[in-house]
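Participant: Take this structure first; my questions come after.
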Amino acid sequence: MKWLVDKVMINKMIHDAAKHGPSPENTSKKQRLRVAEKRVREDWRLVPCPSMAHRNPAVQEDIFPAFYNDDVTPVQGFVDFAGAKTVLLADHTTVEIDAVIFATGYRHGFSIMPELEMDGAAGVKLKTASKTEQHEVSEDKTQQPALPRLYQMMFPPKYASSVAFLSWMAPQANVWCVCELASMAIAQAWVADYTQRGEPQDSQTPSLLPSEKEMESEVDSYHIWWRGEWTTDHSILHGYVRAYGFYRFLHKTAGTGLEAFLDKYAFLEGLRLYKNDYELWKWLHKGPTTSLSWRLFDTNPEGIPGHGRKVWGGARDALQKNYEELERFRKAKAKSD
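See below:
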């Protein structure tokens, strides 16, 4: 289905470019789309691009007007400095510049925990972070990337009760909200581990992490999936999450009570909320992603450690205000367009 997602998103890119472009009289919509597609594919070289299934698309509502107004001019890649204020580009042209900004990004490293296990699945030999740091060559595009053995992108199975990482995950949603949710999940998991480890299974909370063996199996499954995706398209981000299982795990472990509305087998729960409380359903499904909903449902009325979060009394009103503010923005944006 990746090809279908990419096709839909590229078509949207072309339609957006046509919407913001000049509209001469007696020009049909089909002609405008043809011109916009040439701009997108040839002049601006926005396509081909990394798969939308592996990378988050950029917000493009302001970039096309900037292109059309010549506020921003896409050029070929930087090759070398050709003078004090001149650079040579990949198409052998030169441009005068005031400054060059190298957006080099960064590379994840785990030297802080040299004993952290890496790889060990999909035919890649098990190593430790200390060995990986010594041998990894980031410039080699054919080299298999090293992947940490982290359950749900956070927990090293052997040390899950005391160590967790937040920097490795690459979610499709708002990363600040996801990291806040992940922080809640970590706290609940550790509280549950401290208070309930060893209790009968039927009395254990959903916040309790699986056994080490189960976590290792899930890590193997993820590594096999990720490396399969990387083989077909190197654009996939390190730590890119498998959305459904990842978000369901976070909500279940954090105790938000929202996992029922994410579960494909609990579709009736969503319909029940739609029928009984349409306003809340609308704010959750059509409003902006925020952490307000994490404290919406009272999943721990008895206040037992590791059994869920306390409800925040102002969450519902705050969700409504956020939704209304987003609607005002959408209407203002529609008028300006």
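Counting in UniProt numbering, the final residue of the sequence shown is number 337, and the numbers go up one at a time with none missing.
All residues carry an ideal CB built from backbone N, CA and C; glycine is no exception.
(1) Between His223 and Ala121, is the Cβ-Cβ spacing less than 9 Å?
(2) Could you spell out the range, first to last residue, of the beta strand (DSSP E) harbouring Thr86?
(3) Could you spell out the range, first to last residue, of the beta strand (DSSP E) harbouring Thr94?
(4) Where does Lys125 sit, in a helix, a strand or coil, going by DSSP?
(5) Does Tyr106 come out as helix, strand or coil in the three-state DSSP assignment?
(6) Quick check on Lys252: buried or exposed, where buried means 16 or more other Cβ atoms within 10 Å of its Cβ?
(7) So Ala170 and Gly239 are in contact, right, with Cβ under 8 Å, and what is the actual spacing, rounded?
(8) Per the contact definition of three or more C-beta pairs closer than 8 Å, is the region 89-96 in contact with the region 206-214?
(9) Quick one: Cα of Tyr265 to Cα of Glu259, how far?
(10) Just to confirm my understanding: we take Tyr151, look at its own chain, exclude 5 residues before and 5 after, and list those with CB closer than 7 Å. What are they?
(11) Do you know offhand how far Val8's Cα is from Ala192's?
(12) Whole-angstrom Cβ separation of Thr132 and Met118, contact assumed at under 8 Å?
(13) With a threshold of 7 Å on Cβ separation, who are the neighbours of Phe78 within its own chain once the five nearest residues in sequence on each side are excluded?
(14) Who are the near neighbours of Lys2 in its chain, counting only those whose CB is closer than 6 Å to its CB and skipping five residues on each side?
(15) Nearest to Ala254 by alpha carbon, out of Gln196, Arg272 and Leu208?
(16) Quick one: give me the first and last residue of the alpha helix (DSSP H) that Phe165 is part of.
(17) How would you label His20, buried or exposed, when you count the other beta carbons within 10 angstroms and need 16 or more for buried?
Facilitator: So, from the data block:
(1) For the purposes of this step, residue 223 is taken as residue 223 along the sequence shown, with counting starting at 1. For the purposes of this step, residue 121 is taken as residue 121 along the sequence shown, with counting starting at 1. Contact: yes.
(2) Here residue 86 corresponds to residue number 86 of the sequence shown, with the count starting at 1. Per DSSP, Thr86 belongs to the beta strand (DSSP E) from Thr86 to Leu89.
(3) Sequence index remark: in the sequence shown, residue 94 carries index 94 (1-based). That run of the beta strand (DSSP E) goes Thr94 to Glu96.
(4) Looking up residue 125 in the sequence shown gives position 125. Three-state result, Lys125: coil.
(5) Here residue 106 refers to the residue found at position 106 when the sequence shown is read from its first residue. Tyr106: coil per DSSP, three-state reduction.
(6) Residue 252 sits at position 252 when you count from the first residue of the sequence shown. With 16 or more other Cβ atoms within 10 Å, it is buried.
(7) Numbered from its first residue, the sequence shown carries residue 170 at position 170. Numbered from its first residue, the sequence shown carries residue 239 at position 239. The Cβ separation is near 4 Å, so the contact holds.
(8) no
(9) Here residue 265 is taken as the residue at index 265 of the sequence shown, counted from 1. Here residue 259 is taken as the residue at index 259 of the sequence shown, counted from 1. Bear in mind that the predicted position of Tyr265 carries a pLDDT of just 42, short of 50, making it unreliable; the figure below should be weighed with that in mind. For Tyr265 and Glu259, the distance between alpha carbons rounds to 11 Å.
(10) Along the sequence shown, one-based indexing puts residue 151 at 151. Excluding positions up to five away in sequence, the list reads Pro157, Ala160, Met215, Glu218 and Val219.
(11) For this step, residue 8 is matched to residue 8 along the sequence shown. For this step, residue 192 is matched to residue 192 along the sequence shown. Taking the straight line joining both Cα atoms gives about 43 Å.
(12) Along the sequence shown, one-based indexing puts residue 132 at 132. Along the sequence shown, one-based indexing puts residue 118 at 118. Between Thr132 and Met118, the beta carbon gap of about 5 Å places them in contact (Cβ cut-off 8 Å).
(13) Start at 1 with the first residue of the sequence shown, and residue 78 comes out as number 78. When the five nearest sequence neighbours on each side are left out, the beta carbons in the same chain lying within less than 7 Å of the beta carbon of Phe78 are those of Val87, Leu89 and Val100, in order along the chain.
(14) On the sequence shown, residue 2 is found 2 positions in, with the first residue counted as 1. Correct list, in chain order: Ser51 and Ala53.
(15) On the sequence shown, position 254 is the one that residue 254 refers to. When only C-alpha atoms are compared, the closest one is Leu208.
(16) Here residue 165 refers to the residue found at position 165 of the sequence shown. Here Phe165 belongs to no alpha helix (DSSP H), and DSSP marks it neither H nor E.
(17) One-based indexing of the sequence shown puts residue 20 at position 20. Label assigned to His20: buried.
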